[in-house]
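Just below is one structure, and these are the notes that go with it.
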Amino acid sequence: MEEVKNLQAQEVAVAVETAPEQPTVPQKKYKKKISPLFLTLGIVLGIYVITMFIPLFWGVIQSFKGPVDWNGDKIGFVGKRQGWMWENYTNVFKYFKITTNQDVSYGLPMMFLYSVLYALGGAVVQVTVQFIMAYVSARFRYKFGTFIVGMVIFCMALPIVGSQAASLSLATHMGLKNNILGMWLMKAYFLGMYFLVFHAQLKAFPMDFSEAASIDGAGNFTIMWRITFPMVRNTYLTVILLLFVSYWNDYQTPMLYLPEKPTLALGLYYFMHESHRVAGGVWTPQTPHKLGACVVVLVPILIVFMLLHKKLLGNLSMGGLKE
Amino acid sequence: MNNVITHKKRSGLRQRDIKNWIFIGIMSAIPLIQFAIFYIYVNFNTILLSFQSYTDSGKYVFNQFANFKKVWQEVAGTGVLLVGLKNSAILYAVGTFIGTPLTLIFSYYIYKKRPFHKTFKIMLFLPSIISSLVMTLVFLYFANYGIPAYWEKIFGKEIEGLTTSLKTRMPTILFYCVWAGFGTGMLMYSGAMNNISESMVEACHLDGASNIQEFWYVTMPGVFPTLTTFLTTSIAAFFTADMMLFAFYGDSAEGFLWTIGYYLFCGTKKATLSDYPYYACLGLILTLIAMPFTFGLRKLLFRFGPSTER
């Protein structure tokens, strides 16, 4: 516990906030001269954007190439001999399948469903648990709250490596493996940065509203959901979004814990790294097919990003000033 | 009269306390049970498993230090772990000494709202949104097919794919890790920079400080707690980062590329019940190595790092 106290004293608790509730001090507009530093940085960042854009654009174009065009020219535009090969995408949809150890075959729609259940369910469960724990430790003046915050900071600082084997063994014994509900249960932990996000915000809100509601006869549950929750709703949704994207793209956890309930990301992994059994032999995807599969998985999340990038890129910060 | 009021107040407070504690108990019961099982028990079980082995009768029995000996044999014998250690160290050094400074100065550019800062922010964060698998594979094919084809077209000379050539494989993968790894750090650092007091920045400019001086004397102390958090948690990542090898090559990456994180993940993925004790033991050893480094680095950074007071 001594370590916890030190951490708390040194870090003055990790103060984390998101923009919607706590607007930052507006930047005063100085006369922006073109300094060599910013000119160089601007050029470097410009080059970075180009290097980011070129491979993605190249990937999309090559995904439409037929084998003859692809083998003849790896950088040219499509259409010289075979034209736009929409067939590549038909094949992607046809062979984007996983046959599990129990000989059950899952196609794109089922993998999509499992992805939604895993990503959305996991994100909602985890954020809700973190909000609730942050609420009970920030809004009640008991030592319980200090203890919980100290424990979270301590656990975050503790560099635990390789508990995966024990965790997997436990999940297998408890019947949580290959079980979406089991995954939600495993995601229902309150440790982590977002607990501190909620804690910092809830601690900062004055108690007046809660006390007034309490005098009017509202119970603790009503105060939590109807008075306090609306004040952190934006943060709640932003964090859900961030976690949703992270779980949607995660293929390593489903590989270990959900091999019989494959998600889209796991499906992509197997599509890339394995051949596919088909009637009369084996079908091995070629590079344009693999790039096509990447585009198929990329599009939904890119749409989400385009629509919600302002929320995702809000002013998320961690750490107070050193005393 | 006063006594009656005080007594009523006290009993009211007690009742409220009881109600509060019931509420806290109900609300935190499931998270605390989950924590007890999936954090405390799992980590305790890791320690237990490290001293156990799996028998033919399907039970774990204590075997003293047999797993530790096995880890040592693996270190001394095959050399896989030593290669992993070396590559993990290279990855850590590249991330810390190249990736982190670049993230900091890019964040500074975005914080100062220079031209196209919004576009740069989106593009820097994009790799964190796109599946690492998609990003890695597109990069892999571009490095192996796209770049050699462009090279030939521009310079008229044939070159090998960047990750097919043994010479360029490792540097290309390291470059990718830095190139695609700005997202979260950039978001956190630019967020922390936004919280720096405007009056401090103003005072600094009135004193005639240049942008570099402002960055070093005002911005860096302002983001230092965030930087400290990133640097200390990255020590655990030293042993868990797989250098994206799993996305690049699945579980068939060549031995000379392996990192400790890749070794641990591939091993756990393929492990049967009898293999769990070995990986638990390796994890325990690595945790014991990482722990003093983490807390030591934290203390050093707080003692010798920049402060807003200096």
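Which chain is which? The protein sequence lines are A and B, in order. In this text, residue positions in the first sequence follow our numbering: the first is 1088, and each later residue adds one. In this text, residue positions in the second sequence follow our numbering: the first is 19, and each later residue adds one. Here a beta-carbon is modelled for each residue, glycine too, at the ideal position from N, C-alpha and C.
Within 8 Å (strictly less), CB to CB, does residue i reach chain B?
| i | result |
| --- | --- |
| Leu1400/A | yes |
| Pro1293/A | no |
| Ile1247/A | yes |
| Ile1327/A | no |
| Ala1252/A | yes |
| Gln1339/A | yes |
| His1376/A | no |
| Ser1202/A | no |
| Val1112/A | Confidence at Val1112/A is low in this model, with a pLDDT of 48, below 50, so the placement of that residue is unreliable and no value is reported for it. |
| Tyr1276/A | yes |
| Leu1268/A | no |
| Tyr1262/A | The question names Tyr, but residue 1262/A in the sequence shown is Gly. Answer no: the Cβ-Cβ gap between Gly1262/A and chain B never drops below 8 Å. |
| Lys1184/A | no |
Would you kindly check if the distance between the Cβ of residue j and the Cβ of residue i is under 8 Å?
| i | j | result |
| --- | --- | --- |
| Met238/B | Ile128/B | no |
| Val1248/A | Gly117/B | no |
| Phe41/B | Asn1307/A | yes |
| Val1211/A | Ile1327/A | yes |
| Tyr297/B | Ala289/B | yes |
| Lys1235/A | Met1220/A | Reading off the sequence shown, one finds Ile at residue 1235/A, where the question assumed Lys. Against a cut-off of 8 Å, the Cβ pair of Met1220/A and Ile1235/A comes out as a contact. |
| Asn1266/A | Pro1346/A | no |
| Ile191/B | Phe266/B | yes |
| Tyr1222/A | Leu1289/A | yes |
| His1376/A | Asn1175/A | yes |
Pull up the distance between the alpha-carbon of residue i and that of residue j, whole angstroms please.
| i | j | result |
| --- | --- | --- |
| Lys1181/A | Phe1199/A | 15 Å |
| Phe1144/A | Met1197/A | 29 Å |
| Thr1127/A | Glu170/B | 29 Å |
| Phe10/B | Ile303/B | Since the displayed chain B opens at 19 and closes at 328, residue 10/B lies outside it and no answer follows. |
| Met1412/A | Met1311/A | Any question about residue 1412/A goes unanswered here, given that chain A covers just 1088 to 1410. |
| Thr251/B | Lys37/B | 39 Å |
| Leu180/B | Glu272/B | 15 Å |
| Met206/B | Asn213/B | 11 Å |
| Glu1108/A | Gly240/B | Its pLDDT being 45, under 50, Glu1108/A is placed unreliably by the model, and nothing is read from it. |
| Thr1177/A | Val1382/A | 13 Å |
| Ala1352/A | Val93/B | 34 Å |
| Val1161/A | Leu245/B | Note on residue identity: the sequence assigns Lys, not Val, to residue 1161/A. Between Lys1161/A and Leu245/B, the C-alpha separation is close to 42 Å. |
| Val1091/A | Leu1283/A | Note on Val1091/A: pLDDT 41, under 50, position unreliable in the model; no value is reported. |
| Phe138/B | Thr73/B | 57 Å |
| Leu282/B | Thr1322/A | 35 Å |
| Leu1263/A | Ser149/B | 25 Å |
| Asn229/B | Leu1124/A | 8 Å |
| Leu50/B | Pro310/B | 28 Å |
| Phe1331/A | Leu1324/A | 10 Å |
Less than 8 Å between CB atoms is the rule here; does residue i satisfy it with respect to chain A?
| i | result |
| --- | --- |
| Leu263/B | no |
| Asn61/B | yes |
| Asn105/B | no |
| Val156/B | yes |
| Ser149/B | yes |
| Val196/B | no |
| Met218/B | no |
| Gln231/B | no |
| Met238/B | no |
| Phe53/B | yes |
| Ala167/B | yes |
| Leu67/B | yes |
Query raised in the report: What residues from the stretch 1287-1311 of chain A come within 9 Å of chain B, judged by C-beta to C-beta, listed N to C?
Result: Per Cβ criterion, the list reads Ser1301, Gly1306, Asn1307, Phe1308 and Met1311.
Query - Near-chain A residues of the stretch 277-308 of chain B (beta-carbon distance less than 9 Å), N- to C-terminal order - result: Residues of the stretch 277-308 of chain B with a C-beta atom less than 9 Å from some C-beta of chain A are Ile278, Gly279, Leu282, Phe283, Gly285, Thr286, Lys287, Ala289, Leu291, Asp293, Tyr294, Pro295, Tyr296, Tyr297, Ala298, Cys299, Leu300, Gly301, Leu302, Ile303, Leu304, Thr305, Ile307 and Ala308, listed in chain order.
Query raised in the report: Hey, which unbroken runs of the alpha helix (DSSP H) at 4 residues or more fall wholly within the stretch 1155-1214 of chain A?
Result: 1174-1182 and 1195-1203, all fully within the stretch 1155-1214 of chain A.
Requested in this report: Return the residues of the stretch 1166-1180 of chain A that lie within a Cβ-Cβ distance of less than 7 Å from chain B, sorted by chain order.
Outcome: Taking 7 Å as the Cβ-Cβ cut-off, the stretch 1166-1180 of chain A has no residue approaching chain B.
Query raised in the report: Enumerated in chain order, which unbroken segments of the alpha helix (DSSP H) with a length of 4 residues or greater are wholly contained in the stretch 33-71 of chain B?
Result: You should have 60-68.
Query raised in the report: Between the stretch 76-103 of chain B and chain A, which residues of the former have CB atoms less than 8 Å from a CB of the latter, in chain order?
Result: So the list is empty, because no residue satisfies the distance condition.
Query raised in the report: Between the stretch 1129-1143 of chain A and chain B, which residues of the former have a C-beta closer than 9 Å to a C-beta of the latter?
Result: Identification of residues in the stretch 1129-1143 of chain A having a C-beta nearer than 9 Å to some C-beta of chain B yields Gly1129, Val1131, Leu1132, Gly1133, Tyr1135, Val1136, Thr1138, Met1139, Phe1140, Ile1141, Pro1142 and Leu1143, given in sequence order.
**Report entry** Whole beta strand (DSSP E) elements within the stretch 1333-1368 of chain A, 3-residue minimum
**Finding:** With a minimum length of 3 residues, the continuous beta strand (DSSP E) runs that stay inside the stretch 1333-1368 of chain A are 1363-1365.
Query raised in the report: If you scan the stretch 68-142 of chain B from start to end, which runs of the alpha helix (DSSP H) of 4 or more residues do you find wholly inside it?
Result: Segments of the alpha helix (DSSP H) lying fully in the stretch 68-142 of chain B: 84-94, 98-112 and 118-129.
Query raised in the report: Going along the chain, which residues of the stretch 1192-1219 of chain A sit with their C-beta nearer than 7 Å to a C-beta in chain B?
Result: Within the stretch 1192-1219 of chain A, the residues whose Cβ lies closer than 7 Å to some Cβ of chain B are Val1216 and Ile1219, listed in chain order.
Query - chain A contacts made by the stretch 111-128 of chain B, where a contact means CB separation under 7 Å - result: For the stretch 111-128 of chain B, the residues whose beta carbon sits under 7 Å from a beta carbon of chain A are, in order, Ile123, Phe124 and Tyr127.
Query raised in the report: Which residues, in order along the stretch 1341-1358 of chain A, keep a beta-carbon less than 8 Å from a beta-carbon of chain B?
Result: Cβ contacts with chain B: Met1342, Leu1343, Ala1352, Leu1355 and Tyr1356.
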